[in-house]
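Number of protein chains: 4
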Amino acid sequence: MSDVKKVVLAYSGGLDTSVIVKWLQETYNCEVVTFTADIGQGEEVEPARAKAQALGVKEIYIEDLREEFVRDYVYPMFRANTIYEGEYLLGTSIARPLIAKRLIEIANETGADAISHGATGKGNDQVRFEMGAYALKPGVKVIAPWREWDLTSREKLMAYCEQHEIPVDFSKSKKKSPYSMDANLLHISYEGGILEDPWAEAEEDMWRWSVSPEAAPDAPTYVELTYERGDIVAIDGKPMKPHEVLETLNKLGGDNGIGRLDIVENRYVGMKSRGCYETPGGTIMLRAHRAIESITLDREEAHLKDELMPKYAKVIYNGYWWSPERRMLQAAIDETQKNVSGVVRMKLYKGSATVVGRKSEQSLFDESIATFEDDAGAYNQKDAEGFIKLNALRLRIAAGKGRQQS
Amino acid sequence: MSDVKKVVLAYSGGLDTSVIVKWLQETYNCEVVTFTADIGQGEEVEPARAKAQALGVKEIYIEDLREEFVRDYVYPMFRANTIYEGEYLLGTSIARPLIAKRLIEIANETGADAISHGATGKGNDQVRFEMGAYALKPGVKVIAPWREWDLTSREKLMAYCEQHEIPVDFSKSKKKSPYSMDANLLHISYEGGILEDPWAEAEEDMWRWSVSPEAAPDAPTYVELTYERGDIVAIDGKPMKPHEVLETLNKLGGDNGIGRLDIVENRYVGMKSRGCYETPGGTIMLRAHRAIESITLDREEAHLKDELMPKYAKVIYNGYWWSPERRMLQAAIDETQKNVSGVVRMKLYKGSATVVGRKSEQSLFDESIATFEDDAGAYNQKDAEGFIKLNALRLRIAAGKGRQQS
Amino acid sequence: MSDVKKVVLAYSGGLDTSVIVKWLQETYNCEVVTFTADIGQGEEVEPARAKAQALGVKEIYIEDLREEFVRDYVYPMFRANTIYEGEYLLGTSIARPLIAKRLIEIANETGADAISHGATGKGNDQVRFEMGAYALKPGVKVIAPWREWDLTSREKLMAYCEQHEIPVDFSKSKKKSPYSMDANLLHISYEGGILEDPWAEAEEDMWRWSVSPEAAPDAPTYVELTYERGDIVAIDGKPMKPHEVLETLNKLGGDNGIGRLDIVENRYVGMKSRGCYETPGGTIMLRAHRAIESITLDREEAHLKDELMPKYAKVIYNGYWWSPERRMLQAAIDETQKNVSGVVRMKLYKGSATVVGRKSEQSLFDESIATFEDDAGAYNQKDAEGFIKLNALRLRIAAGKGRQQS
Amino acid sequence: MSDVKKVVLAYSGGLDTSVIVKWLQETYNCEVVTFTADIGQGEEVEPARAKAQALGVKEIYIEDLREEFVRDYVYPMFRANTIYEGEYLLGTSIARPLIAKRLIEIANETGADAISHGATGKGNDQVRFEMGAYALKPGVKVIAPWREWDLTSREKLMAYCEQHEIPVDFSKSKKKSPYSMDANLLHISYEGGILEDPWAEAEEDMWRWSVSPEAAPDAPTYVELTYERGDIVAIDGKPMKPHEVLETLNKLGGDNGIGRLDIVENRYVGMKSRGCYETPGGTIMLRAHRAIESITLDREEAHLKDELMPKYAKVIYNGYWWSPERRMLQAAIDETQKNVSGVVRMKLYKGSATVVGRKSEQSLFDESIATFEDDAGAYNQKDAEGFIKLNALRLRIAAGKGRQQS
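Residue numbers (my numbering), protein chains in the order written: chain D, 1 to 406; chain U, 1001 to 1406; chain S, 2001 to 2406; chain A, 3001 to 3406.
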């Protein structure tokens, strides 16, 4: 273990990663560089500086990555209408590649030979961090304390703190919750505690970002989202940067009880786990993006996107953002978004985000053809006969030869 | 046109298909057999008998197909979590193959050589009826009056009625609505009228099966659905037949403002069309089925189902229920449902159907492994390192050779 | 039929399309523009000028499109290792979009309002021509004489020639063969005649581009193909343009009895048809491209390409080159070819094209890891245990709960 | 390591697995049960008995599994036209699940708590053995000596033999070859040695099962294969069991220089490896199966099979035969084979296996429709116009709205 000289740690400023700072210094006798990012988790990141300094850290990186996060990760993902296993909006998954990338860039800047993180050995996040790290710097050493150390219970962890004079107040911030949580601009997640019984309903006071549908306003809120090339660029006509869009939609969604999700999902490491998520803005965005696509995308590219989406979601969920297959899929997805521009009107009400209108200068909806009224010859109904006859030909031949048909 | 001797018509008892009876008799100088089915559209079917008799029809088929419809069509489709273009629950599509099958069976029973229907030449339904007919009786003659006649406006139709003494009161029943509607136990649909502008919000008084979320009760309703091999067999512990399940869920969903949908979809014949749908029970079923699968399905079969689903949805939407590719996909889907048994608990509230619990004797959720607490060695966290290292190997090699990674 | 003023015809100079010139002039009373292209079919195109002039055509287009054909159509298609139904190299399919594009461009240049072609109403080519035409000029009028006229037998056609003084010698050129044939730089195809019995073996004298394996040289020929970004740029070290590459490989392949194929395929219009094909150069290219990819492509992008390929092949076979879904797939495919550079060595011998070596500066083959010898720690075999354990976890959990496993 | 009492070893009788017997006895102080199977590798299995006895083994299993191997593994796989990465016929992969299954069954019979195998930590076979074992007996202990011991070179292995008095003559049998080889009824494989350079051509004397194409007979061999429900049941009219079919085709293929393959493939553990394979019978079977399907399968099920095949191949290659996703895919594949019956005629000549005829009572090839001659109205060419017009509608609308089309 003596070959590590400097390690860059994804540092939250919380108890666990503070213990890791100390443990790394001790175990590897190496220098620790901390990296703390604001990706919209809703907590101040600046306090991490003093905490890191108190632990003897000399190189401290604290960064606001909110814009980059939404622009380069969240937005491209939403172009694909991405959902994992039919429900999950990938709020945690999509933040990891950015953290991995910055860890490696900082390692390169500071001459570090290793990176470290506070994810456990049971979850997906270790995979996402490390997959990104290996992809971007193949020779990097990865230290995953939770897979190595013997601080396997809260008690041992606290004992370690005392022994190493890690300020006790660290331990307070997150301990209010019995849940393991993760948050960024796209979502906040809850695991553990009573959620470990999939039959148990989540308690109302667990949820932090949204009011309950019951507590939401009795009148609906309408909002108009303007798209350009697949991305939202304005809300109610007001131009915004990507992260401002998401912040605004989180507020609107949360106020209207939108975006709560309670699922059992399949982790990449092979187990099922129960998670609850609040994704207020993302829930609105998913619906709205499908709506703007519904009038601007060609049918076959839309269907091909739908067939590729589960694969793309799996690639991101499993931690392969920085992979050739993700770039390949992204190239296909982005190719389809050139004309995905226009406006979607949504109604937000007590937990539901409903599309009530969509319009676009790029619209392929052709009223003159679709109409139930006289179409003045725009569409020749007689064409349908040949269309059906030839599409049925293979079935007719098979039935004519006595093949089972039902 | 003289070669048709007897034609079986899908007869609703309404104005349009009554005109078709007369038109067929006149144009083809043939006998007409009418077939009217109760598939849960919510209108009496028995009155169709007198109307058909009045039009001189001698062979009249009136049938209650609700159980068969849900058991053999709706249920198998829901095993696949089927949605078309991310939104549409295929309420109209799934009823057509059953109608087509009965039309052909009746043609065989009555010695008819043709079938006929009242679908227009612009829509999907003509395809679904005829594809089924050709697949089941390849030599059958199909007569689609809307593609043949010149009664292209409401006025011409009414003139035809008057001229042929088709009772005027036929025309009243459906004319209250400016929308073209279709209904069965799974849904009711609306097209045309102001909906032809995709930006225009549907008017509240259009919706027939559900109260608005705003008008729904202020307290949530909880319901427990019991699954056996992928199908719901009981509600709140009470065993029910498939169509009773759907009727019950329609009531529960409709009362709670659940299942409204407003979309622009891509028709098989090549145009986009705007449709509004109410699918109260189906909306609950879709969510609940995913939930019971989330604890009983293996990850990889679940993912494979997700990848196949868009294709399966397209097969049904396009009218290929009676095809080898549908049977092939169904075989794969049904193979996965053997262990999809258990109970799902749902909360219904003002437009939302939310899963709050799921349990099963077949559950693959393993609390002893998934826990955040000490797992007593059920899972070895050190395994994760090798897992990640080898999964990353191809990326590390590529990066080591200087390949672009971001 | 009086509304057509000028029509651009895909004119081969042969009997059938010469009859079409006259028939169009007579039937539509319109001007005919002829378009004849050299796409490597192996016949002179210049003679078409005199023939067209003799038929009174004033605007005559004769073009050498060989380079464009291979560079912009054949090469992009081979990047995907495209084969239809496991066997067919799409030789006819890939030439049609280029013809369709030029027909429309010439229509635009000459102010024509219609295009016409000599494909029958039973085949795929009508679809490919017309799909391209409609996609590129949506309002164009398409005239497909074989679907319209009553010249349904060879006798009627000859009578028409005589009646309209179409030079008799037209009829001789192609009548030597009992087969319907089509050729371009990628292949020559045969249909009809005794081939209409799928059990009958093709006669040796049918084949035109290749010697029989039996008649090929007794010594193998070796050839080295140099790839850059997925395309062959040199043969045996000699730089060549795309069409020169294909011409050279056709010669090499044909001389060694390579590229004969005898299949029954599924046409887009719904029937099965038997076809024989000679694709000497293409057969070599397919194998070689897979070989260069085998050392330069990442595993997952290679597998994703394999999953998308059948869809891409279908898109091209069915005539949708000029479609959004083809562009979408092409974007994904082309994204993967950036590093597909290097050299493949092939052995050609009596009908077989075998890969015997491949090398690349972009190779991802890592001898130091793959070796059976001591790898000096490049790969840690112990990693495999964790890799297997976690990949097996879901199976172990399921088996532990008594699930069927075999 | 003391907790293992009895281990079942996949025992070839060769040097390596003999060393493993001794090493297991010593290292784990446990009883070893040997299992040796004849799966057509072409070596006597009975001599393994004496060798095992000499090593002190008391429970010795020697079995002829050739029929089961071909019937239950090879045949189902060929129903899918399975090839990995466009080239590899999965000869090694498909034998592993059977071995794994018997290892576990024997463990259950003998009360063993562990299994062991001689596969290295770099390859796919360890995964295939262990994945099967874990799936069938989740609590089994797996011992993979090559990942554990320090006998990492041939010298150390020989020293171990000497030290433990393992008969020297063991070492002679396989040492004639510089290649790592594996064989069963489906194929023989070669890796290592000069093959570790992908540019180096395999030497002629490496190949063991086939003559070179150059040395094959100068006259072609014709053979007729009779299929029933997707499987070959007779050759040249003579009924045979599955393994007799494969033995016969191996002989025919090998005599005609058929089935040699030289590729670089992507291993599941993340590296690329170069392998050479001889699969004489399998190469013939793949071609022939596609041919019988070409006249008996519906188009859309054929295409769906082609889209699923790469996934199915990957499942088998990666070792997931005993998984829900394999069963799911198999259900879909087998559903399509009901009518895949008939006869295929093949020509075998100097390395090529060519289809020259196919016939079936289930044939969907309809000469009366496909013919270039007058079809007496079986197919209405005018239907094609509507077919094309509606299929083009979405493209026409898009082009009409100014969308890019090329």
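Quick reminder that beta carbons are idealized off the backbone N, C-alpha and C, glycines included.
What you are looking at is a predicted structure, and each value in this text was computed from that prediction instead of being measured.
* When you compare only the Cα positions, how much space is there between W1209(U) and L364(D)? -> 31 Å
* Determine, using beta carbons only, whether G2386(S) and E1385(U) come nearer to each other than 7 Å. => yes
* Hey, out of W1199(U), V1356(U), I1020(U), I1397(U), whose CA is closest to E196(D)'s CA? -> V1356(U)
* Range of the contiguous beta strand (DSSP E) that encloses F1035(U) -> It spans 1031-1038 - the beta strand (DSSP E) in which F1035(U) sits, taken as one unbroken run.
* **Residue closest to K251(D), alpha-carbon to alpha-carbon, out of A10(D), G42(D), Q163(D)** => That would be G42(D), whose Cα lies nearest to the Cα of K251(D).
* Name the residue from W1322(U), G1275(U), I1295(U), I1020(U) whose alpha carbon lies nearest to the alpha carbon of E1148(U). => I1020(U)
* Asked: Can you tell me whether Y222(D) is buried or exposed, with buried defined as 16 or more other CB within 10 angstroms of its CB?
  -> By the neighbour-count rule (16 or more Cβ atoms within 10 Å), Y222(D) is not buried but exposed.
* C-alpha distance - D298(D) paired with Q330(D), whole-angstrom precision -> 18 Å
* **Continuous beta strand (DSSP E) stretch holding I3188(A): start and end** => 3188-3191
* Do you know offhand how far S1180(U)'s Cα is from K1272(U)'s? -> 16 Å
* What three-state label does DSSP hand A180(D) in the structure shown? -> As written in the sequence, residue 180(D) is Ser, which differs from the Ala given in the question. DSSP places S180(D) in strand when its eight states are reduced to three.
* May I ask you to verify whether the stretch 386-397 of chain D touches the stretch 1006-1019 of chain U, counting CB pairs closer than 8 Å and requiring at least 3? => Touching, no.
* **Partner residues on chain U for M3271(A), Cβ-Cβ distance less than 8 Å** => L1393, R1394, I1397
* Looking only at its own chain, which residues have a Cβ that is under 7 Å from the Cβ of A200(D), when we skip the five neighbours before and after it? -> I194
* **Residue closest to L136(D), alpha-carbon to alpha-carbon, out of P145(D), K156(D), L98(D), L348(D)** => L98(D)
* Asked: What number of angstroms, rounded off, separates the C-alpha of L2015(S) from the C-alpha of H2164(S)?
  -> 13 Å
* Taking Cβ to Cβ, would you say T2279(S) is nearer than 7 Å to G2259(S)? -> yes
* Report the rounded CA-to-CA distance for G1192(U) versus E224(D), giving the unit in angstroms. => 24 Å
* Look up A2353(S) in the DSSP assignment and say whether it is helix, strand or coil. => A2353(S): strand per DSSP, three-state reduction.
* Sort out for me which residues DSSP pairs R1274(U) with in a bridge. => V1264(U)
* Provide the residue(s) that pair with P1239(U) in DSSP beta bridges, ordered along the chain. => P1239(U) is bridged to A1234(U).
* Asked: What are the boundary residues of the beta strand (DSSP E) that includes K1382(U)?
  -> From DSSP, K1382(U) is part of no beta strand (DSSP E); its letter is neither H nor E.
* To do: Within the same chain, show all residues whose beta-carbon is closer than 7 Å to that of R1096(U), passing over the 5 residues directly before and after it, in chain order.
  => D1125, R1128, F1129, G1132, G1319
* **CB contact below 7 Å: F2069(S) versus chain A** => no
* By DSSP, does G3402(A) sit in helix, in strand, or in coil? -> coil
* To do: Just grab the DSSP bridge partners of I1143(U) for me.
  => In DSSP, I1143(U) forms a bridge with S1116(U).
* Asked: For G1342(U), which three-state DSSP category applies?
  -> Strand, per DSSP.
* Asked: In this structure, does DSSP put E3301(A) in helix, strand or coil?
  -> helix
* Asked: Three or more beta-carbon pairs under 8 Å between the stretch 202-218 of chain D and the stretch 24-32 of chain D, yes or no?
  -> no
* Asked: Hey, A2399(S) and P3138(A): beta-carbon distance below 7 Å or not?
  -> yes
* To do: Can you tell me which of the three DSSP states A3010(A) falls into?
  => strand
* To do: For V3355(A), go through chain S and note every residue whose CB falls closer than 7 Å to its CB, in chain order.
  => D2262
* **E3244(A) versus T3082(A) - alpha carbon distance** => The straight-line gap from Cα to Cα measures roughly 21 Å.
* From the DSSP output, in three-state form, read off E105(D) for me. => E105(D): helix per DSSP, three-state reduction.
* CB contact below 7 Å: E2307(S) versus chain A -> Against chain A, the CB of E2307(S) has a partner CB under 7 Å away; the residue lies at that interface.
* To do: From the DSSP output, in three-state form, read off D2374(S) for me.
  => Reduced to three states, the DSSP call for D2374(S) is coil.
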